[in-house]
Amino acid sequence: MKDTDERELVRKALAGDERAFRKMLESHYTLIYSIVRGVAGQHGETDDIVQDVFIKIFRALGNFRGDSRLSTWIYRIARNEALNAIDKRRPQVIPIDDCEELPAAGESPETLCRQRISRERLERFMERLDEKQRVAIELRYIGDKSYEEIAEIMDIPLGTVKTYIYRAKLSLKRMMMGAGAKAFEKGFGEL
Amino acid sequence: MNCNRIEELLVQYLEGDLSANERRTVDAHVASCAKCRRSLETFMSLEESLGTLKETVPSWKTAEARFSRRAGLEKRRSIPAFVFNAPFVAGLSFVALGVVLFLRGNVIFPAIQSLGPRFAASFDALAQDLSRLFADAAGINVTLLIAIYGFLTFAFMCGTSALVFRFGRK
Chain A
1 MKDTDERELV RKALAGDERA FRKMLESHYT LIYSIVRGVA GQHGETDDIV QDVFIKIFRA
61 LGNFRGDSRL STWIYRIARN EALNAIDKRR PQVIPIDDCE ELPAAGESPE TLCRQRISRE
121 RLERFMERLD EKQRVAIELR YIGDKSYEEI AEIMDIPLGT VKTYIYRAKL SLKRMMMGAG
181 AKAFEKGFGE L
Chain B
1001 MNCNRIEELL VQYLEGDLSA NERRTVDAHV ASCAKCRRSL ETFMSLEESL GTLKETVPSW
1061 KTAEARFSRR AGLEKRRSIP AFVFNAPFVA GLSFVALGVV LFLRGNVIFP AIQSLGPRFA
1121 ASFDALAQDL SRLFADAAGI NVTLLIAIYG FLTFAFMCGT SALVFRFGRK
């Protein structure tokens, strides 16, 4: 969305135009979702926090002065809201590995596990990433943002974004390979 | 180039961020190293899984419907007219006055009655009526008085609040 369109939407929303406000939310929906999921992780409460963020934006829009991009302002709100939710949340035990099925004979463990790695497992691995790395990954893959846009939203240098994403991918890949090898060993142990 | 360095380069390799020279080096290494080939496969699988993350996001329509319900409640909650409108405040004042009369009635009613003769001097008929009214009220059973007062206040507040909701500022 162009800067001018964005400003116009905010102006209309501030003037009480509900349609403009909804349009503004819709255009930032995946952004909000990815930030919340990136900060709070996937605990089944993402939708609730996203709703809290909507309400927070609804109440605080009058405070938006336009000094920064709207997406950067929304990032701060969504991050704070997600952090508050984490504070209220009870500690949870996240299973480290659930690659329990035996690998079929004749295929490499990595290939087998790769085939089996579902999105849910990936999400569990992502829980173990550093918060900033996770947010960067979520913004890239859920929010469909370029590295430059992520840098602007998170208000950090472009190089830092690249490092976050690079490190996140490296960690995820190592977790995936580790889980694959574990499943392979487990399978052999039981044979 | 060793395997650790190749592993580091694989992320950029898949994003198309390597120079032609670096790319050739990685290609040559991966072709001859089973470990790095598996690394590359895992990275590719990771990219594939990351690409499916988007599917977990509920549709905007679902989120909007939920927001509409919450925003409706929020709107009601944030109507200043409801809390600060004149009839509501008047209703609250009635309640406050009732509480004061209940707690300090034994002092207030006799004091008001004692004002009767003074009123008579200037507002003869009206003052006498008022004095009689207060004197009667003081004589009524306190529980009954509270019940009548409470009912009237409640009816007044319900009526005025209903009017505000119906015609008040949206």
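Protein sequence lines, in the order shown, are assigned to chains A and B.
One point on numbering: in our numbering, the residue at position 59 of the first sequence is 59, and numbering is uninterrupted.
When you read off a place in the second sequence, starting at 1, and then add 1000, the result is the number in our numbering.
Cβ coordinates follow ideal geometry from the N, Cα and C atoms, glycine included.
Keep in mind that this is a model prediction, so the values were computed, not measured.
- When the beta-carbon positions are compared, W1060 (chain B) and Y75 (chain A) stay at least 9 angstroms from each other.
- Contact of Y141 (chain A) with chain B is assigned, a C-beta pair being separated by under 9 angstroms.
- Cβ proximity to chain B below 7 angstroms picks out E26, Y29, T30 and Y33 from the stretch 26-39 of chain A.
- Neighbours of V161 (chain A) in chain B, taken as residues at a C-beta separation under 8 angstroms, are lacking, since the least C-beta distance is about 13 angstroms.
- Each of B:L1145, B:L1053 and B:V1030 was checked against the Cα of M126 (chain A), and the nearest Cα belongs to B:L1053.
- Neighbours of A1031 (chain B) in chain A, taken as residues whose beta carbon is under 8 angstroms from its own, are absent, since the nearest beta carbon is some 17 angstroms off.
- If you compare the alpha carbons of A:R19, A:M24 and A:E18 with that of T4 (chain A), the shortest gap goes to A:M24.
- Residue B:R1132 holds the alpha-carbon nearest to the alpha-carbon of P1110 (chain B) among B:G1091, B:R1132 and B:V1095.
- Pairing L1050 (chain B) with T1056 (chain B), the inter-Cα distance amounts to about 11 angstroms.
- Under the three-state reduction of DSSP, R140 (chain A) is assigned to helix.
- The beta carbon of L170 (chain A) sits closer than 9 angstroms to some beta carbon of chain B.
- Taking all protein chains in view, the Cβ of V1100 (chain B) is surrounded by fewer than 16 other Cβ atoms within 10 Å, so the residue is classified as exposed.
- Under the 9 angstroms criterion on CB atoms, M24 (chain A) is classed as non-interfacial with respect to chain B.
- Taking 9 angstroms as the threshold, the shortest C-beta distance from F58 (chain A) to chain B falls below it.
- Proximity of D67 (chain A) to chain B, defined by a Cβ-Cβ separation below 9 angstroms, is not satisfied.
- Taking C-beta atoms under 8 angstroms as the contact rule, E138 (chain A) and G38 (chain A) qualify, at a distance of about 4 angstroms.
- D17 (chain A) sits in coil when the DSSP states are folded into three classes, being neither helix nor strand.
- In this structure, F1094 (chain B) places its C-beta atom within 9 angstroms of the C-beta atom of F1156 (chain B).
- By the Cβ-count criterion, M175 (chain A) is buried, with 16 or more other Cβ atoms from all chains shown falling within 10 Å of its own Cβ.
- Residues are counted here when their Cβ sits less than 8 angstroms from a Cβ of chain A; for the stretch 1050-1072 of chain B these are L1050, G1051, T1052, L1053, K1054, E1055, T1056, V1057, P1058, W1060, A1063, E1064, R1066, F1067, R1070 and A1071, given in chain order.
- For T30 (chain A), the enclosing alpha helix (DSSP H) covers residues Y29 to A40.
- Non-local C-beta neighbours of R1070 (chain B) in its own chain, meaning closer than 8 angstroms and more than five positions away in sequence, are absent.
- Chain B places no beta carbon closer than 9 angstroms to that of D87 (chain A), leaving this residue out of the contacts.
- Around F1043 (chain B), the beta-carbon contacts reaching into chain A at under 8 angstroms are K169 and K173.
- In terms of Cβ geometry, D52 (chain A) and A85 (chain A) form a close pair [threshold 9 angstroms].
- Closer than 9 angstroms to the CB of D17 (chain A) there is not a single CB belonging to chain B.
- Setting aside the 5 residues that flank it on each side, G1150 (chain B) is surrounded in the same chain by G1098, each with a C-beta closer than 8 angstroms to its C-beta; the list follows chain order.
- Less than 9 angstroms divides the Cβ of D130 (chain A) from the Cβ of Y164 (chain A).
- Per the coordinates, the alpha-carbon of Y33 (chain A) lies some 39 angstroms from the alpha-carbon of T1025 (chain B).
- Put simply, of B:G1016, B:A1063 and B:A1096 the residue whose alpha carbon is nearest the alpha carbon of I1146 (chain B) is B:A1096.
- In the three-state reduction of the DSSP assignment, E45 (chain A) falls in the coil class, being assigned neither a helical nor a strand state.
- In this structure, L31 (chain A) lies away from G178 (chain A), with their beta-carbon atoms at least 9 angstroms apart.
- Here G62 (chain A) is exposed. Its C-beta has fewer than 16 other C-beta atoms within 10 Å.
- Using a Cβ-Cβ cut-off of 9 angstroms, I165 (chain A) counts as an interface residue toward chain B, since at least one Cβ of chain B sits closer than that to its own.
- Taking the beta carbon of S1019 (chain B) as reference, no residue of chain A falls within 7 angstroms; the closest one sits roughly 16 angstroms away.
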